[in-house]
Amino acid sequence: MCQHAPETSHWPNIIFILADDLGFGDLSSYGATAIQTPNIDRLASEGVLFTDAHSPSSVCTPTRYGFLTGRYCWRTWLTRSALSSDAPLLIEENRPTVASVLRSAGYYTAHIGKWHLGFGREEDYANDRDGQGEPNSWRSRKGGPDWNGELEPGPLEVGFDYYFGIPIVNSYPPYVFVENHRVAGLDQDDPIGRIESRYLGEMQGGKAARWTDNELATELSARTVSLLERLASQDQPFFLYYAPHQPHRPFTPNVRFKGASQFGVYGDFIEELDWSVGEVLGALDRLELAENTLVIFSSDNGGLLNPASSNAQRGAGYGDGKAPPAPEVEHQANGPVLRGGKGDIWEGGHRVPFLARWPRKIMAGTRSDETISLTDMLATFAALAEQDLTDDAGPDSFNVLPALLEGELDDSLRRPRVMQSGGISGMLSIREGPWKLIDGQGGGGYRDGKAEPGEPPQLYDLSQDLREETDVYAQHPDLAKRLRQLLHKIKAEGRSR
Numbered sequence: 014m015c016q017h018a019p020e021t022s023h024w025p026n027i028i029f030i031l032a033d034d035l036g037f038g039d040l041s042s043y044g045a046t047a048i049q050t051p052n053i054d055r056l057a058s059e060g061v062l063f064t065d066a067h068s069p070s071s072v073c074t075p076t077r078y079g080f081l082t083g084r085y086c087w088r089t090w091l092t093r094s095a096l097s098s099d100a101p102l103l104i105e106e107n108r109p110t111v112a113s114v115l116r117s118a119g120y121y122t123a124h125i126g127k128w129h130l131g132f133g134r135e136e137d138y139a140n141d142r143d144g145q146g147e148p149n150s151w152r153s154r155k156g157g158p159d160w161n162g163e164l165e166p167g168p169l170e171v172g173f174d175y176y177f178g179i180p181i182v183n184s185y186p187p188y189v190f191v192e193n194h195r196v197a198g199l200d201q202d203d204p205i206g207r208i209e210s211r212y213l214g215e216m217q218g219g220k221a222a223r224w225t226d227n228e229l230a231t232e233l234s235a236r237t238v239s240l241l242e243r244l245a246s247q248d249q250p251f252f253l254y255y256a257p258h259q260p261h262r263p264f265t266p267n268v269r270f271k272g273a274s275q276f277g278v279y280g281d282f283i284e285e286l287d288w289s290v291g292e293v294l295g296a297l298d299r300l301e302l303a304e305n306t307l308v309i310f311s312s313d314n315g316g317l318l319n320p321a322s323s324n325a326q327r328g329a330g331y332g333d334g335k336a337p338p339a340p341e342v343e344h345q346a347n348g349p350v351l352r353g354g355k356g357d358i359w360e361g362g363h364r365v366p367f368l369a370r371w372p373r374k375i376m377a378g379t380r381s382d383e384t385i386s387l388t389d390m391l392a393t394f395a396a397l398a399e400q401d402l403t404d405d406a407g408p409d410s411f412n413v414l415p416a417l418l419e420g421e422l423d424d425s426l427r428r429p430r431v432m433q434s435g436g437i438s439g440m441l442s443i444r445e446g447p448w449k450l451i452d453g454q455g456g457g458g459y460r461d462g463k464a465e466p467g468e469p470p471q472l473y474d475l476s477q478d479l480r481e482e483t484d485v486y487a488q489h490p491d492l493a494k495r496l497r498q499l500l501h502k503i504k505a506e507g508r509s510r
């Protein structure tokens, strides 16, 4: 670790926890009754809860790219969907990231959990690959990352001092942990062979390195706590990006969480997530780090529309060989109001929980209605560490530190935000104040065959119609025209700020 304690001792530690597919209505602090999340709710009671926070995309890879780079992912070659198992590193090695900016400021930087941003380099991968389907089914013509060798570049080349986690997602192979540049625990006499880049795809070989799905949360939580214990003895601030795999399907909580919720295996999976967050918060308390640590919890996109559906249940279970129990009561992953879900451009696709706690600075029990995006974290953390961003850093990131600390922004800090559907279309929307323009028809997601980017757009006044039931485009054509022109300007100029 580099030593910068005299200059950095007054800066807070930062822990950013990013859940996978957690909906706006999945936490008890956001209204869930069939699922209880007391540990995550602590962040609300001891900090600030946001009601209008957004992921920049309604699927995972684009959001994770946007969070780390402060740049919309649709500016890259990944203009829709998510990365495949064969994909190279999506982030350019010279692009500033949350991790590299904070490391330059003197922070120790670590990432534990889901990566899903690719490994290695492959020239013109987006065009030179097999198949014409979704990006998460593309196959590299050159073989993709060397899972039996060095996985470089990866997290360490874009600003992290340490990485341990799952390379893709819990539903896609390879089903192994990666530590820094190599697969952890790999037996060279049983190398990883062919892998299928598809949901619950086959992986040949690599048996010694495979994780057990019902033990994932236990392992990742233990690694996180162990790292915090080591960092507690260092006189240096740290940034920890912790990315659990819950509640992304397949739903595979440990058997000790069976029946913890009233909403079957999906609810139990979220309660396991809550336990994991509790392990982190408990470690901060025990190590006397909590007072000067900013903890933020959010999700990479909205929840599944039908978490109890047969497709979502494929591969689900507690590892005890028994079928998951049926939900006892009804639960809506995105709450009773929001339209759509994961993959959609409607609010259910990208309006996400966002909680922040910093005991020294954030007043307990605060609520904020400010519109913020996960892309704003780069500029916000840079401001926190008193770092000036270069012109090429975070082109779509705005400093929302006043919203975290005081619950609100002044008018000069409020900016339009662009969100993207994660499905087939990659449709975009732009949000300015209460107005939301969707550049096309339909939801743009996986389930919506009517998604049609182009004419006419949709326009909603979210202050009056959060359900997005009444398209008011015909009543406000001039407003719609201006917002559409602004969206296209942001696209053409390559930056929002």
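Numbering (our numbering), first residue to last: 14 to 510. The beta carbon of each residue, even a glycine, is placed where N, CA and C say it ideally should be.
Exercise. Which partner residues of Y331 appear in the DSSP bridge assignment?
Worked result: Position 318 of the sequence shown, counted from the first residue, corresponds to residue 331. BP columns for Y331 are empty, so no partner.
Exercise. Any idea what DSSP makes of Y138, helix, strand or coil?
Worked result: In the sequence shown, residue 138 corresponds to position 125, counting from 1. Here Y138 sits in coil by DSSP.
Problem set entry | Proximity winner among T92, A100, A95, R84, relative to P109 (alpha-carbon distances) | Sequence index remark: in the sequence shown, residue 109 carries index 96 (1-based). Comparing Cα positions, the closest option is R84.
Exercise. What do you reckon, are the CB atoms on K449 and Y473 nearer than 8 Å?
Worked result: As a first step, residue 449 must be located in the sequence shown, where it is residue number 436. As a first step, residue 473 must be located in the sequence shown, where it is residue number 460. Yes, they are a contact pair.
Problem set entry | Close beta carbons around T403, own chain, < 7 Å, minus the five adjacent residues each side | Translated into positions along the sequence shown, residue 403 becomes position 390. Closer than 7 Å at the Cβ level, and outside the excluded window around T403, lie P109.
Problem set entry | Residues near R93 in its chain [Cβ-Cβ closer than 6 Å; skip 5 each side] | Here residue 93 refers to the residue found at position 80 when the sequence shown is read from its first residue. Only G439 meet the Cβ criterion.
For this session: Consult DSSP for I358 and reduce its assignment to one of helix, strand or coil.
Result: Counted from its first residue, the sequence shown places residue 358 at position 345. Three-state result, I358: coil.
Exercise. In this structure, does DSSP put A221 in helix, strand or coil?
Worked result: Locating residue 221 in the sequence shown gives position 208, counting from the first residue. The answer is helix: DSSP assigns A221 an H, G or I state.
Problem set entry | Assumed close pair H453, P470 - CB separation to whole angstroms, cut-off 8 Å | Reading the sequence shown from its first residue, position 440 is the one you call residue 453. Reading the sequence shown from its first residue, position 457 is the one you call residue 470. In the sequence as presented, His is not what sits at residue 453; that position holds Gly. So it is a contact: roughly 6 Å between Cβ atoms.
Exercise. In its own chain, which residues sit with a C-beta less than 7 Å from the C-beta of R88, not counting the 5 before and 5 after it?
Worked result: The residue labelled residue 88 in the question sits at position 75 within the sequence shown. Excluding residues within five positions, the ones whose Cβ falls inside 7 Å are G507.
For this session: Determine the burial state of G456: buried for a count of at least 16 other Cβ atoms within 10 Å of its Cβ, exposed for fewer.
Result: On the sequence shown, residue 456 is found 443 positions in, with the first residue counted as 1. Looking at its Cβ environment, which holds 16 or more other Cβ atoms inside 10 Å, G456 is buried.
Exercise. What residue range is occupied by the uninterrupted beta strand (DSSP E) comprising K449?
Worked result: Taking the first residue of the sequence shown as 1, we reach residue 449 at position 436. Per DSSP, the continuous beta strand (DSSP E) segment holding K449 begins and ends at 448-454.
Problem set entry | Host beta strand (DSSP E) of I125 (start-end) | By 1-based counting over the sequence shown, the position of residue 125 is 112. It spans 121-126 - the beta strand (DSSP E) in which I125 sits, taken as one unbroken run.
Exercise. How is the alpha helix (DSSP H) around A392 delimited, first residue to last?
Worked result: Taking the sequence shown and counting its residues from 1, the one referred to as residue 392 is at position 379. In the DSSP annotation of this structure, the continuous segment of the alpha helix (DSSP H) that includes A392 starts and ends at 390-397.
Exercise. Around the Cβ of Q259, are there at least 16 other Cβ atoms within 10 angstroms (buried) or fewer (exposed)?
Worked result: In the sequence shown, counting from the first residue as 1, residue 259 sits at position 246. Classification of Q259: buried, given that the 10 Å Cβ count is 16 or more.
For this session: Label K355 either buried or exposed according to how many other C-beta atoms from any shown protein chain fall within 10 Å of its C-beta, with 16 as the threshold for buried.
Result: Translated into the one-based positions of the sequence shown, residue 355 becomes position 342. The residue is buried, with at least 16 neighbouring Cβ atoms inside 10 Å.
Exercise. Touching or not, the stretch 120-134 and the stretch 68-80, by the rule of three or more beta carbon pairs under 8 Å?
Worked result: yes
Exercise. Can you name, in chain order, every residue of its own chain whose Cβ lies under 6 Å from the Cβ of N347, other than the five neighbours on each side?
Worked result: By one-based count along the sequence shown, residue 347 stands at place 334. G36, F37, G38, G315, G316, G354, G361, listed in sequence order.
Exercise. Is the beta carbon of L157 sitting closer than 8 Å to the one on D65?
Worked result: As a first step, residue 157 must be located in the sequence shown, where it is residue number 144. As a first step, residue 65 must be located in the sequence shown, where it is residue number 52. According to the sequence displayed, residue 157 carries Gly and not Leu. Cβ atoms of G157 and D65: not closer than 8 Å.
Exercise. Would you say the stretch 326-344 touches the stretch 373-384, given that touching needs at least three Cβ pairs under 8 Å?
Worked result: no
For this session: Out of L213, L40, W151, H194, point me to the one whose CA is closest to E163's CA.
Result: Here residue 163 corresponds to residue number 150 of the sequence shown, with the count starting at 1. The option with the nearest alpha carbon to E163 is H194.
Problem set entry | Validate contact between the stretch 42-59 and the stretch 135-149 using beta carbons, cut 8 Å, 3 pairs | no
Exercise. Helix, strand or coil for H67 per DSSP?
Worked result: Stepping through the sequence shown from its first residue, residue 67 is reached at position 54. The answer is strand: DSSP assigns H67 an E or B state.
For this session: Tell me, to the nearest whole angstrom, how far the beta carbon of F394 is from that of I27; I am working on the premise that it is less than 8 Å.
Result: Locating residue 394 in the sequence shown gives position 381, where the first residue counts as 1. Locating residue 27 in the sequence shown gives position 14, where the first residue counts as 1. Confirmed, about 6 Å.
Exercise. Counting along the chain, where does the beta strand (DSSP E) carrying V72 start and finish?
Worked result: Looking up residue 72 in the sequence shown gives position 59. No beta strand (DSSP E) contains V72, which DSSP labels as neither H nor E.
For this session: Work out the CA separation of A369 and A57 for me, nearest whole Å.
Result: Taking the sequence shown and counting its residues from 1, the one referred to as residue 57 is at position 44. Taking the sequence shown and counting its residues from 1, the one referred to as residue 369 is at position 356. The C-alpha of A369 is placed about 7 Å away from the C-alpha of A57.
Exercise. Which whole runs of the beta strand (DSSP E) in the stretch 211-289 are 3 residues long or more, in chain order?
Worked result: If we require 3 residues or more, the beta strand (DSSP E) runs fully inside the stretch 211-289 come out as 251-256.
For this session: Tell me, to the nearest whole angstrom, how far the beta carbon of G206 is from that of G218; I am working on the premise that it is less than 8 Å.
Result: As a working note, residue 206 is residue 193 in the sequence shown. As a working note, residue 218 is residue 205 in the sequence shown. Right, their Cβ atoms sit about 4 Å apart.
Problem set entry | Spatial neighbours of D423 in its chain, beta-carbon cut-off 8 Å, leaving aside the 5 residues before and after | As a working note, residue 423 is residue 410 in the sequence shown. So the list reads P415, once near-sequence residues are dropped.
Problem set entry | For T306: DSSP bridge partner residues | The sequence position of residue 306 within the sequence shown is 293, counting from 1. Per DSSP, the beta-bridge partners of T306 are N26.
Exercise. Hey, out of L233, T265, R269, whose CA is closest to Y254's CA?
Worked result: The residue you call residue 254 lines up with position 241 of the sequence shown. Out of L233, T265, R269, L233 has the C-alpha closest to the C-alpha of Y254.
Exercise. Buried or exposed: T225, going by 16 or more other Cβ atoms within 10 Å of its Cβ?
Worked result: To locate residue 225, count along the sequence shown from 1; it is residue 212. By the neighbour-count rule (16 or more Cβ atoms within 10 Å), T225 is not buried but exposed.
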